[in-house]
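The numbering of the sequence shown is the working numbering, which starts it at 14 and goes up by one.
Glycine included, C-beta positions come from ideal geometry on N, C-alpha and C.
As the structure is a computational prediction, the values presented were derived from the model and not from experiment.
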Amino acid sequence: MRIVSLCPSLTELVFDLGRGEELVGITQYCVHPADAVGAVEKVGGTKNPKIERIVELRPDLVLFNEEENRKQDHDVLQGAGLRLCNTFPRDVRGTAAMVRQVGGELQRAEAAEAIAVEIEARMERVVAAATDRDPVRFAYLVWREPWMSVNADTFASALLSQAGGVNVFADREQRYPTIELAELADERPDLVLLCTEPFVFEERHVKEVSAALGLEKTRVRIADGEYLSWHGSRTPDGIDYAEQMICE
Numbered sequence: 014m015r016i017v018s019l020c021p022s023l024t025e026l027v028f029d030l031g032r033g034e035e036l037v038g039i040t041q042y043c044v045h046p047a048d049a050v051g052a053v054e055k056v057g058g059t060k061n062p063k064i065e066r067i068v069e070l071r072p073d074l075v076l077f078n079e080e081e082n083r084k085q086d087h088d089v090l091q092g093a094g095l096r097l098c099n100t101f102p103r104d105v106r107g108t109a110a111m112v113r114q115v116g117g118e119l120q121r122a123e124a125a126e127a128i129a130v131e132i133e134a135r136m137e138r139v140v141a142a143a144t145d146r147d148p149v150r151f152a153y154l155v156w157r158e159p160w161m162s163v164n165a166d167t168f169a170s171a172l173l174s175q176a177g178g179v180n181v182f183a184d185r186e187q188r189y190p191t192i193e194l195a196e197l198a199d200e201r202p203d204l205v206l207l208c209t210e211p212f213v214f215e216e217r218h219v220k221e222v223s224a225a226l227g228l229e230k231t232r233v234r235i236a237d238g239e240y241l242s243w244h245g246s247r248t249p250d251g252i253d254y255a256e257q258m259i260c261e
C-alpha cells in the first residue's frame with residue numbers, strides 16, 4: 014500500500030500501526046517518529062500541500078484531517094481519483110473511533126484496537142479521579158498578537174475538561190476566539206496554559222501573562238502542544254499529561 018499523510022499526528026499513527034515504511038509522502042510538519050520521517054518525501058505543508066506531486070505519487074490512500082487540512086485540497090485530490098480517509102476527532106472518544114477507522118483502512122485493526130482500548134481505559138480513569146477534586150478554571154492560549162484561546166469544541170479543551178478543568182472560554186462562538194488579556198483577567202482563571210504550538214510560547218511569555226493578570230507565575234504554565242492537540246497514538250499519554258497540568 015502506498016500512503017500519503019497530510020497530518021502530523023496521523024503520520025505518527027501510521028508508524029505506530031506498523032505501516033510507516035509504506036508512506037510515500039508526508040508534510041514538512043510531520044516530525045515524529047524523528048528517526049524515521051526523514052526518509053519520507055515531504056509534499057508541502059498541511060495548508061499548502063503539493064497537489065500535483067501527491068497525484069504523481071499515485072497513493073492508494075491519503076490520510077486527511079478536516080481541521081489541519083483545507084477542504085479545497087480534499088476536493089481536488091478526490092477529483093483526481095485518489096481515495097481519502099477523512100478524520101476530525103474533537104474529543105477522546107472521537108479519537109478512539111478515529112484510531113479504529115484508520116486501523117481499518119490500513120488493515121491494522123488489531124494494532125489500532127490496542128491503542129483505542131488504552132485511550133478509553135485512561136479516559137475512564139481520569140474522569141473517575143476528577144470527580145473527587147475541585148474543578149479548576151483554566152484558559153488555554155494558542156497564539157499571541159492577537160491573543161487566542163480555545164472554546165469547548167476543541168480537542169485540547171476536551172482533554173483538560175475531562176481531567177477536571179473548566180474552560181473559561183468554553184462558550185465562545187469561535188473555536189479559536191481572539192481575546193484580550195483584560196478579558197482573561199475578568200474571568201479569574203485558576204490556571205493559564207500557554208501552548209507550545211502553533212505559537213511557541215516561552216518562559217518570557219509566562220512572566221508577561223502573569224504580570225498582566227496579577228497571577229502568581231505558578232498559575233501560568235507552558236503546556237506541550239503535541240500532547241494536548243495531537244490525536245492518535247499519542248493520546249494515551251496526552252490524557253495523563255492533561256491531568257498532570259490540571260492537578261499540579
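My output table needs one value for residue i: the three-state DSSP class, helix, strand or coil.
| i | result |
| --- | --- |
| residue 223 | helix |
| residue 247 | coil |
| residue 43 | coil |
| residue 110 | helix |
| residue 117 | helix |
| residue 101 | coil |
| residue 189 | coil |
| residue 148 | coil |
| residue 94 | coil |
| residue 60 | coil |
| residue 31 | coil |
| residue 242 | helix |
| residue 165 | coil |
| residue 26 | helix |
| residue 197 | helix |
| residue 154 | strand |
Might you give, ordered along the chain, the residues of its own chain that have their beta carbon closer than 6 Å to the beta carbon of residue i, omitting 5 neighbours on each side?
| i | result |
| --- | --- |
| residue 53 | 36 and 39 |
| residue 156 | 212 |
| residue 119 | 30 and 32 |
| residue 68 | 93 |
| residue 256 | 139 and 176 |
| residue 159 | 191 |
Give me, in chain order, the residues of the same chain whose beta-carbon lies closer than 7 Å to that of residue i; leave out the 5 immediate sequence neighbours on both sides.
| i | result |
| --- | --- |
| residue 253 | 135 |
| residue 185 | 164 |
| residue 97 | 75, 77, 87, 90 and 91 |
Contact defined as beta carbons within less than 8 Å: I believe residue i pairs with residue j. What is the distance between those atoms, to the nearest angstrom?
| i | j | result |
| --- | --- | --- |
| residue 170 | residue 192 | Actually they do not touch by this definition, with Cβ atoms about 14 Å apart. |
| residue 23 | residue 100 | 7 Å |
| residue 236 | residue 208 | 5 Å |
| residue 150 | residue 72 | With 8 Å as the limit, residue 150 and residue 72 do not qualify as a contact, their Cβ atoms being about 45 Å apart. |
| residue 173 | residue 259 | 6 Å |
How would you label residue i, buried or exposed, when you count the other beta carbons within 10 angstroms and need 16 or more for buried?
| i | result |
| --- | --- |
| residue 175 | buried |
| residue 178 | buried |
| residue 142 | exposed |
| residue 251 | buried |
| residue 59 | buried |
| residue 231 | exposed |
Report all residues from its chain with a CB closer than 8 Å to the CB of residue i; omit the five preceding and five following residues, and keep chain order.
| i | result |
| --- | --- |
| residue 168 | 102, 103, 104, 108, 241, 242 and 244 |
| residue 166 | 103 and 188 |
| residue 215 | 235 |
Would you list the residues sitting across from residue i in a DSSP beta bridge?
| i | result |
| --- | --- |
| residue 17 | 38 and 75 |
| residue 233 | 205 |
| residue 254 | Beta-bridge pairing links residue 254 to no other residue. |
| residue 178 | 149 |
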